[in-house]
Amino acid sequence: ELRKMKDGLSPHSFKEISKNDRHCELDLEDVKNSLKSLMWRNVGIERDDKHLKEVVENIDLWCKYIINNEFSTPLGWEVQNMLTVARLISISASKRKESRGVHYRLDFPDNNDKCWKKHIVISNGKYTIIP
Numbered sequence: 001e002l003r004k005m006k007d008g009l010s011p012h013s014f015k016e017i018s019k020n021d022r023h024c025e026l027d028l029e030d031v032k033n034s035l036k037s038l039m040w041r042n043v044g045i046e047r048d049d050k051h052l053k054e055v056v057e058n059i060d061l062w063c064k065y066i067i068n069n070e071f072s073t074p075l076g077w078e079v080q081n082m083l084t085v086a087r088l089i090s091i092s093a094s095k096r097k098e099s100r101g102v103h104y105r106l107d108f109p110d111n112n113d114k115c116w117k118k119h120i121v122i123s124n125g126k127y128t129i130i131p
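Note that the sequence shown covers residues 1 to 131 in the UniProt record's numbering.
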C-alpha cells in the first residue's frame with residue numbers, strides 16, 4: 001500500500017529501509033495533517049472506546065515507519081514527537097472509563113470522582129493509576 005503512495009510525494013518525504021531492504025516512502029506533512037485530524041475527530045471533546053482503539057492502531061502503523069528514523073529536518077522530529085504524545089494521550093483517554101471536564105465519553109457519560117479523580121502514568125508501555 002505504501003509503495004502506491006510514491007507518486008506525487010512532497011519534498012517532506014523520507015525513505016525507510018525495512019529488515020527486508022524494501023524502501024517505503026511517506027509524506028511527513030500528510031502524516032502530520034492526518035494525525036491532527038484523527039485526534040480532533042476521535043480524541044477531542046467526545047470520545048468512545050472503539051474510536052480510541054482505532055486511533056492507537058493508526059498511530060502504531062505510522063510509528064512503524066517513522067518513530068525510529070533519524071531525520072535531518074525539524075518536520076521529521078515534529079512528527080515523531082506528535083506521534084509519541086498522541087499515542088500517550090489516546091491510551092490514557094482509553095483507560096479513563098468516565099467523563100471528566102470537557103472530555104465526554106459517549107460510553108461512560110458520568111464522572112466518578114471516587115474511582116477516577118487520579119492520574120494515569122504510562123512508563124515503558126505499562127500504565128499505572130495513582131491518586
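Beta carbons: idealized from backbone N, C-alpha and C, even for Gly. Since the model is a prediction, treat every value here as computed from it, not as a measurement.
From the listed residues Arg87, Gly44 and Trp40, the smallest Cα separation to Cys63 is found for Arg87.
Distances from the CA of Gly44 to each of Ile122, Ile89 and Glu57 were compared; the closest alpha carbon is that of Ile89. Between Leu106 and Glu46, the CB-CB gap stays under 7 Å. Going by beta carbons, Tyr65 and Lys95 fall outside the 7 Å limit. When DSSP reads this structure, Ser123 sits in a beta bridge with Lys126. The beta carbon of Lys118 sits closer than 7 Å to the beta carbons of Ile129, Ile130 and Pro131 from its chain, once the five residues preceding and following it are set aside; these are given in chain order.
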